[in-house]
Amino acid sequence: QVPRRGYAPRLACAQCRAPARCRHCSGPLQGQDGGVLRCEWCGREESGWHCPECGAFRLRAQVVGARRTAEELGRAFPAVPVRTSGREHVLDTVPGAPALVVSTPGAEPVAEGGYAAALLLDGWAMLGRPDLRAGEDALRRWIAAAALVRP
């Protein structure tokens, strides 16, 4: 379970770590597949980004999303199929064959026979949400994910 959808939902300057912002609306820039930068708020593509604080041109991911996590797991385990389930494409079930399943909270597919293990990444992101019930919501989602693991 990865608490963020997308590829790289939060970017920052690689040199000074200032958040990468849109030139038009100051919204946060997100990294898309293929290296495209897009504003989360206005949706505009950003080309030729440079840091207004230090002038650097390189970006780094502050956090990674489900698609990037799936990509990295695919490189780390090339012989194992990787399946993703999230807001854009929710899987209801996955076959019982060995595979890595990367999902966002609430989009976890049911595995035939249950999962052998579950890994909940970036728990701090769920707990740190600006919501009075963030802790309760995180615990509920973690228990739901753990319930999908076979005994």
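Last residue of the sequence shown: 165 (my numbering), numbering continuous. Idealized CB from N, CA, C, for every residue including glycine. This structure is a prediction, so every number in the text was calculated from the model and none was measured.
(message) On the DSSP bridge list, what partners appear for residue 45?
(response) Answer is 22 and 51.
(request) Identify whether residue 118 lies in helix, strand or coil by the three-state DSSP scheme. (result) Note: residue 118 maps to coil in three-state DSSP.
(message) Check this for me: beta carbons of residue 109 and residue 126, under 8 Å apart or not?
(response) For residue 109 and residue 126, yes; Cβs fall inside 8 Å.
(request) Grab me the residues of residue 142's own chain with a C-beta within less than 8 Å of its C-beta, minus the 5 sequence neighbours each way, in chain order. (result) These residues qualify, in order along the chain: 148.
(message) Measuring alpha carbon to alpha carbon, tell me which residue in 104, 15 and 59 is nearest residue 34.
(response) Among 104, 15 and 59, the Cα nearest to that of residue 34 belongs to 59.
(request) Compute the Euclidean distance between the alpha carbons of residue 71 and residue 54, then round it to the nearest angstrom. (result) Answer to the nearest angstrom: the Cα atoms are 20 Å apart.
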